[in-house]
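One structure is given here, and the rest of the page talks about it.
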Amino acid sequence: MTAWAWVLVACAAAYVVKLLGYLVPDDLLDHPVVVRVSGLLPVALLAALVAVQTVAGPHGTVVLDARLAGVAVAVVALLVRAPFLVVITLAAAAAAGLRALGWAA
Amino acid sequence: MITEAGDSSNRPVRRQSLAVGVATGLYGISFGALAVAAGLTLWQTVALSVLMFTGGSQFAYVGVIGAGGGGPAAVGAATLLGARNGVYGLQLAGALRPRGWRRLVAAHLTIDESTAVSVAQRGRAHQRLGFWLTGSAVFVFWNVMTAAGALLGDRLGDPSRYGLDAMAAAAFLALLWPRLTRREPQVVAVGAAVVAVVCVPVVPAGLPVLVAAVVALAVAAVDRRPTRPEESEPVRHVEDPS
Chain A
1 MTAWAWVLVA
11 CAAAYVVKLL
21 GYLVPDDLLD
31 HPVVVRVSGL
41 LPVALLAALV
51 AVQTVAGPHG
61 TVVLDARLAG
71 VAVAVVALLV
81 RAPFLVVITL
91 AAAAAAGLRA
101 LGWAA
Chain B
106 MITEAGDSSN
116 RPVRRQSLAV
126 GVATGLYGIS
136 FGALAVAAGL
146 TLWQTVALSV
156 LMFTGGSQFA
166 YVGVIGAGGG
176 GPAAVGAATL
186 LGARNGVYGL
196 QLAGALRPRG
206 WRRLVAAHLT
216 IDESTAVSVA
226 QRGRAHQRLG
236 FWLTGSAVFV
246 FWNVMTAAGA
256 LLGDRLGDPS
266 RYGLDAMAAA
276 AFLALLWPRL
286 TRREPQVVAV
296 GAAVVAVVCV
306 PVVPAGLPVL
316 VAAVVALAVA
326 AVDRRPTRPE
336 ESEPVRHVED
346 PS
């Protein structure tokens, strides 16, 4: 197959995976066990995304770099109830600053 | 279409959606530059961002191609990385209840960021707004920046120089933060984060988040009491937006 065909096959596969969750019938979504799990799932997904986005490096490595400092600054900002935009801007500034100074990768 | 546009309680959701959209979208530059360097044409690169539209899978696809791998290996790696989107869809289907063509569009916009902003909101209206706004914002910025990256190559620089990788992590954390007021979500959050990090070296990229979701299953299995109303709305059929 041509390069184009493989690109389109990969795109179709990605879409089918995304669509699968939406094809589950409402009856099942309303089941108490599903409701119970989906009440907890957001916290698990968000926490996992935070962890992966903070320390995952290329090729399955765990890397402690300027991202961790950025997230630490975000924690402090959240503790003093800073608004969302302030929290994420401070995190980016901290990471960018450390990298500019050459103090962290 | 989803809630009244003038509702001031929507403002934080809109702000979060746009901020996440911009921060994530800028990484499209990296993707565009990398894809062209890996040997894809400009239009193949653009097609991946428009049609595949799930960053991790796109990076995996061009990574395999760039390393000399074949089409089937690239498709396999990309699909494996996108598997978590299926779980996101399951979660979002319960909250959004999209119908007809909206369901098909919602599926396409189902990615880390739109899911994260949506599930962080309280109430159906805000969950929907967060999903659609974030999904649309990321879609626009991601595709524009992909084209820019493909055309300009690396001249725009690495987004991590501006701390955008830390910004994305902080955004997920800020979305998680308000939910950590009680013991149970705290336990789930710490458990999921630890499981995800432990999984990073062991399973292919993209899967640690999926494995961490099992922590939610485990806690639900140990403690079957229904989730308290303040953290999850009762599931009900709300007005059909169509």
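Top line first, the protein sequences correspond to chains A and B.
Taking my numbering, the leading residue of the first sequence gets 1, the next gets one more, and so forth.
Taking my numbering, the leading residue of the second sequence gets 106, the next gets one more, and so forth.
Even for Gly, the Cβ is constructed at its ideal location relative to N, Cα and C.
What you are looking at is a predicted structure, and each value in this text was computed from that prediction instead of being measured.
Which residue wins for smallest C-alpha separation from residue i, given the options the options?
| i | options | result |
| --- | --- | --- |
| Trp-282 (chain B) | B:Gln-226, B:Pro-177, B:Asn-115, B:Gly-187 | B:Gln-226 |
| Glu-289 (chain B) | A:Leu-101, A:Pro-42, A:Val-33 | A:Pro-42 |
| Thr-220 (chain B) | B:Ala-326, B:Arg-329, B:Gln-121, B:Asp-112 | B:Gln-121 |
| Ala-13 (chain A) | B:Gly-173, B:Ala-310, B:Val-180 | B:Val-180 |
| Val-17 (chain A) | B:Thr-146, B:Ile-216, B:Val-295, B:Ile-170 | B:Ile-216 |
| His-59 (chain A) | B:Arg-189, B:Cys-304, B:Arg-119, B:Arg-329 | B:Cys-304 |
| Tyr-140 (chain B) | B:Ala-301, B:Pro-117, B:Gly-173 | The question names Tyr, but residue 140 (chain B) is Ala in the sequence shown. With distances taken between Cα atoms, Ala-140 (chain B) lies closest to B:Gly-173. |
| Ser-114 (chain B) | B:Asn-190, B:Thr-239, B:Leu-261, B:His-231 | B:His-231 |
| Leu-79 (chain A) | B:Ala-279, B:Val-125, B:Gly-240 | B:Ala-279 |
| Ala-3 (chain A) | B:Asp-263, B:Arg-202, B:Ala-178, B:Thr-184 | B:Ala-178 |
| Ala-124 (chain B) | B:Arg-260, B:Val-316, B:Thr-239, B:Val-324 | B:Thr-239 |
| Leu-312 (chain B) | B:Thr-129, B:Gly-130, B:Ala-182, B:Met-157 | B:Ala-182 |
| Ala-5 (chain A) | B:Leu-156, B:Leu-185, B:Gly-176 | B:Gly-176 |
| Ala-131 (chain B) | B:Leu-315, B:Ala-326, B:Val-327, B:Val-243 | The sequence shown places Leu at residue 131 (chain B), rather than the Ala named in the question. Nearest option by C-alpha distance: B:Val-243. |
| Val-75 (chain A) | B:Gly-262, B:Leu-285, B:Asp-328, B:Asn-190 | B:Leu-285 |
| Val-71 (chain A) | A:Leu-19, A:Thr-61, A:Leu-98 | A:Leu-98 |
| Ala-143 (chain B) | B:Leu-186, B:Thr-129, B:Val-169, B:Phe-158 | B:Val-169 |
| Leu-90 (chain A) | B:Pro-117, B:Arg-116, B:Tyr-267, B:Ala-301 | B:Tyr-267 |
Taking only beta-carbon atoms, is residue i less than 9 Å away from chain B?
| i | result |
| --- | --- |
| Trp-6 (chain A) | yes |
| Gly-102 (chain A) | no |
| Val-107 (chain A) | Chain A is shown from 1 up to 105; residue 107 (chain A) falls before or after that span and cannot be answered. |
| Val-80 (chain A) | no |
Examine chain A for any beta-carbon lying closer than 9 Å to the beta-carbon of residue i, and answer yes or no.
| i | result |
| --- | --- |
| Arg-208 (chain B) | yes |
| Leu-195 (chain B) | yes |
| Val-57 (chain B) | Residue 57 (chain B) lies beyond the stretch modelled for chain B, which goes from 106 to 347, so this question has no answer here. |
| Ser-162 (chain B) | yes |
| Asp-112 (chain B) | no |
| His-213 (chain B) | yes |
| Arg-233 (chain B) | no |
| Phe-277 (chain B) | yes |
| Leu-238 (chain B) | no |
| Trp-282 (chain B) | yes |
| Phe-246 (chain B) | no |
| Asn-190 (chain B) | yes |
| Thr-159 (chain B) | yes |
| Gly-296 (chain B) | yes |
| Gly-199 (chain B) | yes |
| Thr-286 (chain B) | no |
| Ala-230 (chain B) | no |
| Val-249 (chain B) | no |
Per DSSP, residue i is paired with what?
| i | result |
| --- | --- |
| Ala-56 (chain A) | A:Val-62 |
Could you confirm whether any beta carbon from chain D is found closer than 9 Å to the beta carbon of residue i?
| i | result |
| --- | --- |
| Leu-261 (chain B) | Of the protein chains in the structure, A and B, none is chain D. |
| message | Closer than 9 Å between beta carbons: that is the criterion. Which residues of the region 251-267 of chain B meet it against chain A? | response | Within the region 251-267 of chain B, those residues whose Cβ lies closer than 9 Å to any Cβ of chain A are, in chain order, Ser-265, Arg-266, Tyr-267.
| field | Against chain A: residues of the region 125-149 of chain B by CB proximity under 9 Å | value | Val-125, Ala-128, Gly-144, Leu-145, Thr-146, Trp-148, Gln-149
| task | Evaluate the contact criterion for the region 211-219 of chain B versus the region 190-202 of chain B: three or more CB pairs, one atom per stretch, below 8 Å. | result | Yes, the region 211-219 of chain B touches the region 190-202 of chain B.
| message | For the region 44-55 of chain A against the region 269-281 of chain B, do three or more pairs of beta-carbon atoms, one drawn from each stretch, fall closer than 8 Å, so that the two count as touching? | response | yes
| For the region 146-162 of chain B against the region 246-265 of chain B, are there 3 or more C-beta pairs whose distance is under 8 Å? | yes
| message | Can you pull out the residues from the region 6-32 of chain A whose beta carbon lies closer than 7 Å to at least one beta carbon of chain B? | response | Trp-6, Val-7, Val-9, Ala-10, Cys-11, Ala-13, Ala-14, Tyr-15, Val-17, Lys-18, Leu-19, Leu-20, Gly-21, Tyr-22, Val-24, Leu-29, Asp-30, Pro-32
| Sufficient close CB pairs (3 or more, under 8 Å) joining the region 255-266 of chain B to the region 2-18 of chain A | no
| request: Check each residue of the region 167-191 of chain B: if its Cβ is closer than 7 Å to any Cβ of chain A, include it; give the result in chain order. | output: Within the region 167-191 of chain B, the residues whose Cβ lies closer than 7 Å to some Cβ of chain A are Gly-176, Ala-179, Val-180, Ala-183, Thr-184, Gly-187, Ala-188, Asn-190, Gly-191, listed in chain order.
| query | Counting Cβ pairs, one atom from each stretch, are 3 or more of them under 8 Å apart for the region 156-165 of chain B and the region 128-140 of chain B? | reply | yes
| Contact the region 52-61 of chain A vs the region 196-206 of chain B: 3+ CB pairs below 8 Å | no
| request: Give a yes or no on contact between the region 293-300 of chain B and the region 314-323 of chain B, applying the rule of three or more CB pairs nearer than 8 Å. | output: Between the region 293-300 of chain B and the region 314-323 of chain B, the count of C-beta pairs closer than 8 Å reaches three or more; the two stretches touch.
| Are there three or more Cβ pairs, one per stretch, closer than 8 Å when the region 82-89 of chain A is compared with the region 305-314 of chain B? | no
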